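Chemist:
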Amino acid sequence: MAFDLAIALFLAPAIASVASLLLRNAHVAEYLNAAAAILDLAVSIPMLIDVLRSGPVLVLHGYVLIDPLGTWVILCIAVVYALSAIYAVGYMRLLNEEERLPLFYALFSGFAFTMFAACMMNNVGVFWIAIELTTLISTFLVGFEREAESTEAAWKYIVVVSGGISLALLGTVLFYWGGSFVFGPTYAMTWAALHQSATQVYTPLLTVSFLLVLVGYGTKAGLAPMHTWLPDAHSESPAPVSAMLSGALLNASMLGIARFLSVVDGTRTGQFAHSAVVALGIFSFILAALFIVRQTDVKRLMAYSSVEHIGVQALGLGFGGVLGVAGALYHMLNHSLNKSLMFFGSGNAMRAYGTKDMGGIRSVLRTFPASGTLWLLGAVGIAGAPPFALFLSEFTILRAGMAGRYRWAAILFIVFLIVVFIGFLSHFRRMYFDESAERGPALSGLVWRTVPMWLAFAPILILGLWWPQHLWSVFAHISSTMLRGAQ
Amino acid sequence: MFLAHLNSLEASIFSSLAILSLLLAFVMLGSHWLRNYVYAFAAESWLIAALSAAVGYFGGYRELYAIAVLTALFRGLVLPWLLVRIIGRLNVKRELHAVLQPSSSLVLGALLVMFAFVIANYMNREGATAGHVVILALTIMISMKFIGFLMLSVRDEAVSQILGLLVLENGIFLGSQILVPGMPMLIEIVILFDLLIVVACFGMLVRFLLVHAGTTSSRELQRLVG
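As they're listed, the protein sequences go chains A and B. So that you can map any letter, position 347 of the first sequence is 347 in this note's numbering, and since no number is skipped, the others follow by simple counting. Converting from the second sequence to this note's numbering requires adding 1000 to each position, the first position being numbered 1.
1) Tell me the DSSP secondary structure of Tyr308 (chain A) in three-state form.
2) The alpha helix (DSSP H) that contains Ile282 (chain A), what's its start and end?
3) Got a sec? Which residues, its chain only, sit under 6 Å from Met1028 (chain B) by beta carbon, not counting five neighbours each side?
4) Taking only beta-carbon atoms, is Gly1088 (chain B) less than 8 Å away from chain A?
5) For Ser1176 (chain B) and chain A, any beta-carbon pair shorter than 8 Å?
6) When you compare the CB positions of Leu170 (chain A) and Met1183 (chain B), do they come within less than 8 Å of one another, or not?
7) So, using beta-carbon positions, are Val312 (chain A) and Phe291 (chain A) closer together than 8 Å?
8) Return helix, strand or coil for Leu136 (chain A), following the three-state DSSP convention.
9) Curious, which full-length alpha helix (DSSP H) runs of at least 4 residues does the region 346-401 of chain A contain?
10) How should Ile411 (chain A) be labelled, buried or exposed, when 16 other C-beta atoms within 10 angstroms of its C-beta is the threshold for buried?
11) Alpha helix (DSSP H) containing Arg206 (chain A): first to last residue?
12) So, helix, strand or coil for Thr228 (chain A), using DSSP?
13) Select from the region 198-219 of chain A all residues with a C-beta closer than 8 Å to any C-beta belonging to chain B, and list them in chain order.
14) Rounded to whole angstroms, what's the CA-CA distance from Ala1049 (chain B) to Phe416 (chain A)? Just pull it up for me.
15) Terminal residues of the continuous beta strand (DSSP E) containing Leu65 (chain A)?
16) Let me know the secondary structure DSSP gives Met121 (chain A) once reduced to three states.
17) Please say whether Phe144 (chain A) and Phe210 (chain A) have beta carbons closer to each other than 8 Å?
18) Run down chain A in chain order and give the residues with a C-beta less than 8 Å from the C-beta of Gln1161 (chain B).
19) Which class does Thr114 (chain A) belong to by DSSP, given the choice of helix, strand or coil?
20) Opposite Asp434 (chain A) in the DSSP bridges: which residues?
21) Please state whether DSSP places Val1099 (chain B) in a helix, a strand or coil.
22) Just checking, does the region 83-102 of chain A make contact with the region 147-162 of chain A on the three C-beta pairs under 8 Å criterion?
23) With DSSP run on the structure shown, which of helix, strand or coil describes Val57 (chain A)?
24) What would DSSP say about Trp1033 (chain B), mapped onto helix, strand or coil?
25) When DSSP labels each residue in this structure, what does Glu145 (chain A) get in the three-state scheme?
26) Tell me, please, whether the CB atom of Leu1136 (chain B) is closer than 8 Å to any CB atom in chain D?
27) Between Glu1010 (chain B) and chain A, is there a C-beta pair that is closer than 8 Å?
28) Is Leu315 (chain A) close to the ligand SAM? I mean its beta-carbon at under 7 Å from any heavy atom of the ligand.
29) May I have a chain-ordered list of the beta strand (DSSP E) segments no shorter than 3 residues that lie completely inside the region 1090-1172 of chain B?
30) Alpha carbon to alpha carbon, how far is Val160 (chain A) from Pro225 (chain A)? Give it in angstroms, no decimals.
31) Measuring alpha carbon to alpha carbon, tell me which of A:Trp408, A:Leu249 and A:Lys156 ends up nearest Ile333 (chain A).
32) Report the rounded CA-to-CA distance for Leu1106 (chain B) versus Ala1018 (chain B), giving the unit in angstroms.
33) When the distance is taken between beta carbons, is Ala112 (chain A) closer than 8 Å to Tyr81 (chain A)?
34) Got a sec: is the Cβ-Cβ distance from Glu1157 (chain B) to anything in chain A below 8 Å?
35) Do you know offhand how far Arg294 (chain A)'s Cα is from Arg430 (chain A)'s?
36) Do you know offhand how far Ala1011 (chain B)'s Cα is from Ile1067 (chain B)'s?
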């Protein structure tokens, strides 16, 4: 059952991608892409339910693993894919690049395809390849607008991320070497095998291997100080791509860190590994908070907010325990929803005012009464205020931090949460309530670009008011399997 | 594990091939001329191919012969050929603004190799002959990483940055032949293939950069900061 759903999950974007290239029709491509994305979201939910009910599934000679953790990340990715595919229909038409749009949509669904694939890879080496493929495809999406800035961003993106991810490859090879002392020179390098051998691997070797994969996948996840590509790539790509990079790609890389963390859990490296993840998380959070305060560019503001939230997720995973893992996973979904909303709003504002500079964006509510309200509420939500969903997940992570050995990190987290709140919302106050001389021009075709904002906003509000018992049991299940080690 | 049964002849063959490839990384570090980088990189890849073949022969891993052929073909011929073509088209012969003089980057490289040795020594628990080869392989693996990152950070030209990335991966190839010769072949083939895509990508990006930013030097990439 789960396997059949997985086939549908992959077929939809694959067909959309090939058909966009073959048919060469912009309108067909955009609808195909949106349909594939919505289908994927519809498939990912029953897949998660099925995996939870009947346990993880191993297929294709053990190369593919459909487990609750991976499926949860797939669900988060599918949410962002669906929202941004709908948004792209309205947004990409504004760029006046009709003849290149089929290529854009082919890459867009290909990008989603590689991210889904990464979440299901059971072989650690193939997981690395899948993550590297996401980089290759998304580079062209980042540089799609062919401006000097977006080309620069694409170049930085591919150089920094490939360099970083090669450290993860070295770490993977060292993990394999460590395992070969237990299983002999040739064995299938699955997550479970690595976990099984980890207790018997020489501790310094295991520690160095873990640090290498942490820095490698941390680069891809945008953890500071390896985040340098992120603000450029996220701010220079078209808005739907920014949403995908921020809401989906970072999650797929976080999955790598979570899986490796559960590989070393229970060994003598485990404690150190958790501390390293907490340290990177809190550093990313503080650094992003400071950059948020002094930001002038609206999309870079969102990009630094991604660094901040990926730091929060790392904190949750690092704090560990049921609360920490549950908070991090809940945060993943909430951030995916909320950040998509924010990027859509900034895409609208950027196109209407013709600038990314927040100084040029004024009186947003007069220009966009409906979508402007949503954007403002989203900003309140992403700053971590109730009654929105990110408040609940951050609160859970905070509880996990206060309960464990990392109270200092939890206290720093609270302090800089306040900094983020003030910094982020003061930018929005100026954009919304400072008077400006002229009125921003009206934009046509706003429906396509407002509907996905509603679709993102509704769950943020609902999940913020009511944490469903079922979701809680999903997280409890995932965290118990993580603590027992990877499946 | 085959490293445990190494005789001294095998150990010295593996060590000399590994050390020679590290030396070639230093050749790349110490030169200003882009073509020299490419030739050194090609030679390094041939040495790694020879190492794969040697490990395959002495360790009895048949599939390593195939990897040796693939490495020599892709990394020893196709990639350098593509890079030389790009250099010819870009009409840049050398690094114009070196952040570090070749001599100081050589010294820095040597220090990094020492640091790599410290890490390698920390990670090893094999004794005697096997220990020598393991520490050597780990040292070279990690120091090629460092040298690759050093090249990425002190060189501006897009071509040298591509080469820096390739050196990063060469280190892994070299080390993994010695440490984990039995690693399933699938991965290595896909990585070779993957690299080819990377270079195709890069070739395109270099062209984009030239058309739109007007330069292939990352020194000029200063629009996006903060």
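We put the beta carbon where it would ideally sit given N, CA and C, even for glycine. The model shown is predicted, which means the values in this text are computed figures rather than measured ones.
Modeler: Walking through what the data contain:
1) For the record, residue 308 (chain A) in the displayed sequence is Glu; it is not Tyr. It is helical.
2) Gly270 to Val293
3) Tyr1037 and Ala1040
4) no
5) yes
6) no
7) no
8) helix
9) 364-367 and 369-382
10) exposed
11) Residue 206 (chain A) is actually Leu in this sequence, not Arg. Note, Leu206 (chain A): alpha helix (DSSP H), Thr203 to Ala221.
12) coil
13) Tyr202, Pro204, Leu205 and Val208
14) 52 Å
15) Val64 to Ile66
16) strand
17) no
18) Val159
19) helix
20) According to DSSP, Asp434 (chain A) bridges with nothing at all.
21) coil
22) no
23) strand
24) strand
25) coil
26) You won't find chain D in this structure, because its protein chains are A and B.
27) no
28) Ligands in the displayed structure: none, and consequently the ligand SAM is not present.
29) none
30) 12 Å
31) First, the amino acid is wrong: residue 333 (chain A) is Leu here, not Ile. Out of A:Trp408, A:Leu249 and A:Lys156, A:Leu249 has the C-alpha closest to the C-alpha of Leu333 (chain A).
32) 18 Å
33) yes
34) no
35) 13 Å
36) 20 Å
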